[in-house]
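Trainee: Residue numbers (the numbering used here), protein chains in the order written: chain A, 1 to 227; chain B, 1 to 227.
Positions of the beta carbon are idealized from the N, C-alpha and C atoms, including for glycine.
Keep in mind that this is a model prediction, so the values were computed, not measured.
Pasting in a structure now, in structure tokens, and then I'll have a few things to ask.
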């Protein structure tokens with residue numbers, strides 16, 4: 001399996017990644033091809049599609065063994081489901097599947113690149129394949145989604161002072177709020193006192209959660225060079 | 001990349017495969033797990049989903065080199081598009097992506113198995129991953145599908161005498177008509193005289209095509225042991 005591209009995103013770590021694609025529509029990524037695949041011809045016609053599939057490597061979980069059952073975060077973390085009934089990364093083959101919106105196709109300094117939104121991948125995640133989204137075969141709005149269906153309107157209220165938020169460039173603010181309201185905590189942790197740290201777009205964001213309210217406590221520039 | 005399962009289908013060859021999943025809803029397959037993965041726990045909860053994703057290996061195209069551009073059959077076979085703008089098998093990594101309907105989960109003589117419909121895979125195709133279909137992240141009915149969008153209502157009229165059709169067991173007839181009406185020919189071939197041969201469910205089916213009419217000429221049992 002060859003690495004075709006990587007995706008550059010504002011999330012250097014696993015912590016803070018949306019749990020599925022599309023959950024944070026403002027979260028963008030840039031797909032940059034490996035030297036061998038930097039051929040604009042290979043993308044001819046892709047600009048006509050509004051969405052694309054990305055098949056990628058769960059590169060942040062490569063040393064974990066797969067388990068026949070996993071505990072989906074949205075079931076509270078104490079109910080076990082079969083791994084093939086979930087999108088958990090702890091699977092026999094470390095393949096992730098994401099549907100993202102195609103925002104732009106352009107030629108950058110490293111050849112052709114795709115700008116996408118609604119991503120759920122960490123920075124530098126390897127990508128194995130890109131396919132167009134075909135609604136006639138891929139879209140099933142009435143599909144039944146078992147135990148996963150009842151947990152989509154879950155979200156936290158996010159509170160952050162104007163002073164703190166002013167540190168983050170305006171173009172990143174909506175994505176940051178989206179990430180936080182999706183509740184990045186492991187679902188089995190419910191400690192009001194605990195301070196969590198998130199790396200995003202070159203900042204360290206510290207926050208606490210009490211009930212359904214997330215409060216941002218501190219935002220500082222990080223040294224990491226992101227995106 | 002490990003082979004997790006194979007899918008047993010009624011199509012031993014590449015010829016006749018629907019060009020996408022879901023195009024022939026009556027076409028069924030049986031997903032049988034490799035010994036290492038025959039654990040019913042790994043499927044716990046999957047029965048609540050109406051559709052599942054299959055990420056599989058384009059095993060019938062393993063010796064073909066990938067090409068930056070391909071000629072989509074529905075564009076008539078003479079227009080080249082970028083491989084990443086198509087679902088062509090001739091890609092850098094031989095990964096297929098199919099959305100199929102989950103008809104049944106059961107324990108067979110080879111452990112747990114999934115019966116699915118709307119398949120587009122040849123018999124014994126290796127499968128790398130199975131994931132539940134989540135409409136909230138996977139379903140985008142209004143997605144724009146570029147050049148691929150205008151070719152979904154293409155189909156042939158299929159003519160076959162009752163005498164010929166009576167050879168095929170009733171449960172296979174709708175799938176056979178579905179396969180034929182989807183026009184299995186390579187799109188650059190338009191020779192009224194040519195007799196095509198399709199292997200399906202233990203039968204050899206011979207047919208010709210003139211304009212938009214496909215005529216079945218012969219149906220004979222094959223020696224191959226299918227499904």
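1) Which stretch, first to last residue, makes up the beta strand (DSSP E) that contains residue 92(B)?
2) Is the segment 14-31 of chain B close to the segment 174-185 of chain B, with three or more CB pairs under 8 angstroms?
3) Using a Cβ-based criterion (distance less than 8 angstroms to any ligand heavy atom), does residue 184(A) qualify as near the ligand SAM?
4) So, with DSSP's three-state summary, where would you put residue 174(A)?
5) Is the Cβ-Cβ distance between residue 137(B) and residue 22(A) less than 9 angstroms?
6) Pull out every residue of the segment 69-87 of chain B whose Cβ sits closer than 8 angstroms to any Cβ of chain A, in chain order.
7) Distance, Cα to Cα, residue 31(A) vs residue 191(B)?
8) Pop quiz: residue 187(A) and residue 73(A) are said to be a contact at Cβ under 8 angstroms. What is the actual Cβ separation, rounded to whole angstroms?
9) Using DSSP with H/G/I as helix, E/B as strand and the rest coil, what is residue 71(B)?
10) Specify, as a first and last residue, the run of the alpha helix (DSSP H) that residue 135(B) falls within.
11) Residue 190(A) CB to nearest chain B CB: under 9 angstroms?
12) CB residue 82(B) to CB residue 43(A), shorter than 9 angstroms?
13) With burial defined as no fewer than 16 other Cβ atoms inside 10 Å of the residue's Cβ, what is the status of residue 142(A): buried or exposed?
14) Beta-carbon within less than 8 angstroms of residue 104(B)'s beta-carbon, same chain only, minus the 5 sequence neighbours each way: which residues are those?
15) Counting only C-beta atoms, is residue 115(B) closer than 9 angstroms to chain A at any point?
16) Got a sec: is the Cβ-Cβ distance from residue 93(A) to anything in chain B below 9 angstroms?
17) If we count the other Cβ atoms within 10 Å of its Cβ and call it buried at 16 or more, is residue 52(A) buried or exposed?
18) Measure the CB-CB distance between residue 97(A) and residue 55(A) and report whether it falls below 9 angstroms.
19) Can you tell me whether DSSP reads residue 155(A) as helix, strand or coil?
Mentor: In this structure, then:
1) From DSSP, residue 92(B) is part of no beta strand (DSSP E); its letter is neither H nor E.
2) yes
3) Looking for the ligand SAM in the displayed structure turns up nothing, as the structure carries no ligands at all.
4) helix
5) yes
6) 69, 80, 81, 82, 83, 84, 85, 86, 87
7) 43 angstroms
8) 4 angstroms
9) coil
10) 135-138
11) no
12) yes
13) exposed
14) 114, 115
15) no
16) yes
17) buried
18) yes
19) coil
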